[in-house]
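For the sequence shown, the residue numbers in UniProt numbering are 1 to 333. Every residue, glycine too, gets a C-beta built ideally from N, C-alpha and C. Working notes, structure below.
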Amino acid sequence: VANFATMEEEETELDERPQKDWDDIIPEEQRKKVEEEERQKELEEIYMLPRIRSSTKKAQTNDSESDAETKRRLQRSSGSESETDDTDDEKRPKRRGRPRSVRKDTVEGFTDAEIRRFIKAYKKFGLPLERLECIARDAELVDKSVADLKRLGELIHNSCVSAMQEYEEQLKENPGERKGPGKRRGPTIKISGVQVNVKSIIQHEEEFEMLHKSIPADPEERKKYRLTCRVKAAHFDVDWGVEEDSRLLVGIYEHGYGNWELIKTDPELKLSDKILPVETDKKPQGKQLQTRVDYLLKLLKKDLEKKENMKDGEEVRHSCLAQAFSGRGVGWL
């Protein structure tokens with residue numbers, strides 16, 4: 001019993017002993033340092049929270065964009081995409097003024113910048129699809145194959161013809177749409193990422209076709225080319241007549257519409273002292289040359305149409321005479 005009592009007394013003594021607090025164990029300086037570190041950590045977490053949210057949103061956006069891009073690539077690589085896209089385009093309601101578009105994979109091998117240069121050069125020559133080598137030089141696309149150039153040229157031509165036909169049909173159905181701002185420009189299409197004015201392409205092809213038909217393809221014959229229709233005076237600051245007009249048209253046939261410097265420096269054309277005078281106030285400069293050429297092209301068109309009509313009339317007359325003689329022959333039998 002005595003032993004138990006001794007143990008109880010010892011336990012009581014232990015309980016009554018004063019316990020040391022953490023404040024006594026850890027020095028005050030170190031304790032303040034730890035508290036300050038914890039406070040700084042809390043502040044950092046508060047400030048960092050919006051950034052983490054923002055980063056998370058960006059990552060999610062990037063992930064969704066990359067997923068969308070991956071889907072687009074997979075769709076482009078699938079062989080059935082063209083059918084699907086065409087069906088979707090038919091189901092989707094067309095917005096007024098929305099340009100027709102040619103899918104990007106139809107002009108593989110050309111960047112948008114190269115397509116722009118090609119179109120610009122395309123509008124400088126008559127019957128462009130027969131002048132692809134000249135277009136390639138002008139557009140700095142000599143590294144492209146003739147087959148690729150032809151494919152792009154045919155795509156532009158066929159797309160513009162188709163778009164113009166659809167546009168004319170729409171105007172017949174809705175004559176009121178002919179009026180309004182922007183209607184004079186006509187329809188537009190997109191070749192890859194390049195927007196093309198259809199009317200300007202069609203108009204160029206029609207106007208320059210006459211030049212191509214009028215000027216001989218043979219270089220030696222081309223040197224002898226002379227305009228046969230009457231022209232009005234140019235009123236330039238140099239002597240200018242039919243001979244200079246003829247050389248100017250030959251220069252455009254060979255070097256392209258608007259390439260005045262190349263025409264000036266071509267020794268065969270003998271126009272170096274006639275066009276682009278050093279004195280910028282003297283004519284003809286580029287603007288006057290362009291106006292003159294536009295006028296000459298209209299004359300060519302009228303002249304060739306007149307000759308073709310006369311030719312058609314002669315053929316009809318000969319045909320009628322042949323039928324008349326044939327009828328008489330039958331009657332005499």
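C-alpha gap between residue i and residue j, whole angstroms
i           : j      : result
Gln285      : Arg247 : 16 Å
residue 335 : Ile201 : With the chain represented from 1 up to 333, any question about residue 335 goes unanswered, as that position is not in the structure.
Gln170      : Tyr257 : 33 Å
His212      : Gly126 : 5 Å
Tyr295      : Pro267 : 25 Å
Phe110      : Val142 : 13 Å
Gly79       : Glu108 : Its pLDDT being 42, under 50, Gly79 is placed unreliably by the model, and the measurement read from it follows with that caveat. Spanning the two alpha carbons is a distance of roughly 15 Å.
Glu205      : Asp281 : 33 Å
Ala233      : Lys302 : 18 Å
Pro175      : Glu168 : 10 Å
Glu130      : Lys150 : 9 Å
Glu166      : Thr265 : 44 Å
Tyr225      : Gln203 : 25 Å
Beta-carbon proximity check, residue i vs residue j, cutoff 8 Å
i      : j      : result
Ala136 : Lys120 : no
Pro187 : Ala163 : yes
Val194 : Asp112 : yes
Leu304 : Ser214 : yes
Asn259 : Lys123 : no
Met210 : Leu289 : no
Leu132 : Val146 : yes
Val293 : Ile252 : yes
Reduced DSSP secondary structure (H/G/I, E/B, other) of residue i
i      : result
Gln40  : helix
Gln195 : strand
Ile189 : strand
Gly153 : helix
Ala217 : coil
Phe125 : coil
Tyr257 : coil
Ile275 : coil
Asp148 : helix
Ala136 : helix
Glu173 : helix
Presumed contact (8 Å Cβ cut-off) between residue i and residue j, rounded CB distance
i           : j      : result
Val242      : Val250 : Actually they are not in contact, since the Cβ atoms of Val242 and Val250 sit about 13 Å apart, beyond 8 Å.
Glu207      : Leu297 : 5 Å
Ile191      : Ile115 : 6 Å
residue 338 : Lys283 : The question about residue 338 has no answer here: the residues shown for the chain are numbered 1 through 333.
CA nearest to the CA of residue i, picked from the options
i      : options                           : result
Glu254 : Pro187, Lys199 and Glu220         : Glu220
Asp245 : Lys274, Asn259 and Glu154         : Lys274
Lys306 : Thr265, Val196 and Cys229         : Cys229
Arg117 : Trp260, Lys287 and Val196         : Val196
Val238 : Pro216, Asn174 and Leu276         : Leu276
Leu269 : Lys223, Ala233, Glu308 and Leu227 : Lys223
His157 : Ile189, Lys144 and Lys32          : Ile189
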